[in-house]
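Take the sequence shown: its letters are residues 1 to 112, numbered as in UniProt numbering.
Quick notes on the structure that follows.
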Amino acid sequence: MIMLKTDPPRHPEIKGYREGDLIHAGDHLTLICTSMGGKPPAELEWLRNGDIIQGSYSISGRDSSSSISFTVRSSDNNAVYTCAASNPLTPIPLVAAIKLSVICKLNLSELN
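This is the structure:
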């Protein structure tokens, strides 16, 4: 009988934005999620306010990486972006999340 060694992934980390930093509507933002050490490597999934969104995905050895790039909108203010990592040993995904703080441009013509 052959036993294959499996390991759960480590908690994911999100880079590209530090919670509490201010960004402007119209800025371009790239968020990168990494999870190391899973065997098999972690599958990564992005969510925005609980809804699944598409991201790119790559594997290098036992490490996984996924990124999303987008133009920041005023509706992204207080939006929560979550990266969920899982493999067969993690029935409940491991998650990392950040909340965006967006500065919106005030249009004075809309006030009149």
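Glycine included, each C-beta is placed from N, C-alpha and C at the ideal position.
Note that the structure is predicted; figures quoted are calculated from it, not measured.
- In this structure, the CA atom of Lys-105 is about 7 Å from the CA atom of Ala-25.
- The criterion of a C-beta distance shorter than 8 Å is not satisfied by Ala-96 and Leu-44.
- As the crow flies, the alpha-carbon of Ile-14 is around 24 Å from that of Thr-6.
- Cβ-Cβ distances below 7 Å link Arg-48 to Ala-79 and Tyr-81 in the same chain, with the five nearest sequence neighbours on each side left out; the list follows chain order.
- Taking 8 Å as the cut-off, the Cβ atoms of Ile-68 and Ile-53 count as close.
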